[in-house]
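Participant: Following this message is one structure expressed as structure tokens.
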Amino acid sequence: QKEVEQNSGPLSVPEGAIASLNCTYSDRVSQSFFWYRQYSGKSPELIMSIYSNGDKEDGRFTAQLNKASQYVSLLIRDSQPSDSATYLCAVISYNNNDMRFGAGTRLTVKP
Amino acid sequence: KAGVTQTPRYLIKTRGQQVTLSCSPISGHRSVSWYQQTPGQGLQFLFEYFSETQRNKGNFPGRFSGRQFSNSRSEMNVSTLELGDSALYLCASTPGGTGGYEQYFGPGTRLTVT
């Protein structure tokens, strides 16, 4: 089992819709969770961090964390074509300080 | 604040050579992590340095090494290059200590081994 798992996609949504990206992790003592966006040919860009159970909102983005289910998600409201990118889920564990990444989900927002 | 910088941005080397990549973190950040990104393997952790000490190391052979200087700048070295080392090498900086865990990536160094 991979430490951090994401659906590879591609996920395609129409412009203006809600895009839902999911991530599960295997290490129960994981403490910190992050979502990165990576455009083709570019480096990852931090979108959100979340540390506690529940929802965290920042503009059109909402991160949701459920530690009991070992699940973290990212919702993108009013999706725009400029949101088309690969979204990477990342986790830091109490056992080690290195950040482990999922394989990423490719999102396409169609005009 | 200036972001993370990496040099060089592109590099072409031949098998058997060695290469050194450089990373300057965001001012005030004390932790630097290195990653290798390939289409097949995704983002893989190489190592992390904090205050000139290697704190964590990923599952890479000893040909991959790194160091951090007193000004937090970091270098990574790959010796005896193999074709499979062709990848995007990313450096990320973090405040470290109690400053938070968010990592901010540099633009990367694209290494091609021929």
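Those protein sequence lines, which keep their order, are chains A and B. Counting along the first sequence from 1, when you hit position 8 you're at 8 in my numbering, and nothing is skipped either side. When you read off a place in the second sequence, starting at 1, and then add 1000, the result is the number in my numbering. Quick reminder that beta carbons are idealized off the backbone N, C-alpha and C, glycines included.
1) Return the CA-CA distance between Thr108(A) and Ser8(A), expressed in angstroms with no decimal places.
2) Using DSSP's beta-bridge definition, name the partner residues of Asp58(A).
3) For chain A, find out if any of its Cβ atoms is closer than 8 Å to the Cβ of Gly1058(B); answer yes or no.
4) Are the beta-carbon atoms belonging to Arg1073(B) and Ser1031(B) less than 8 Å from one another?
5) If we count Cβ pairs, one from each stretch, closer than 8 Å, do we get three or more for the region 21-32 of chain A versus the region 66-76 of chain A?
6) Under 8 Å between beta-carbons, which chain A residues line up against Pro944(B)? List them in chain order, please.
7) Please decide whether Leu88(A) counts as near chain B, where near means a Cβ-Cβ distance under 8 Å.
8) Quick one: does Tyr1049(B) have its CB under 8 Å from some CB of chain A?
9) Tell me, please, whether the CB atom of Phe34(A) is closer than 8 Å to any CB atom in chain B?
10) Based on the DSSP secondary-structure assignment, which residues constitute the bridge partners of Asn66(A)?
11) What residues from chain A crowd round Gly1042(B), counting only those whose CB sits closer than 7 Å?
12) Counting pairs of Cβ atoms below 8 Å between the region 49-65 of chain A and the region 1035-1043 of chain B, do you hit three or more?
13) Leaving out five residues on either side along the sequence, give the residues of the same chain with a beta carbon under 8 Å from the beta carbon of Ala1002(B).
14) Taking all protein chains shown into account, decide if Leu1046(B) is buried (16 or more other Cβ within 10 angstroms of its Cβ) or exposed.
15) Let me see if you follow: with CB-CB separation under 8 Å, is Pro44(A) close to chain B or not?
16) Which whole-angstrom value is the C-beta distance of Val1019(B) and Cys1091(B), which I expect to be below 8 Å?
17) Considering just the uninterrupted stretch of the beta strand (DSSP E) at Thr24(A), what are its terminal residues?
Facilitator: In short:
1) Here the alpha carbons of Ser8(A) and Thr108(A) stand approximately 12 Å from one another.
2) Phe61(A)
3) Yes, Gly1058(B) lies at the interface with chain A (some Cβ there is under 8 Å from its Cβ).
4) no
5) yes
6) Here chain B covers residues 1001 to 1114 and nothing more, so residue 944(B) does not appear.
7) yes
8) no
9) yes
10) Tyr71(A)
11) Phe101, Ala103, Gly104
12) The region 49-65 of chain A, when compared against the region 1035-1043 of chain B, does not touch it at the 8 Å Cβ threshold.
13) Ile1026, Ser1027
14) buried
15) yes
16) No, Val1019(B) and Cys1091(B) are not in contact; Cβ-Cβ is about 14 Å, not under 8 Å.
17) 19-25
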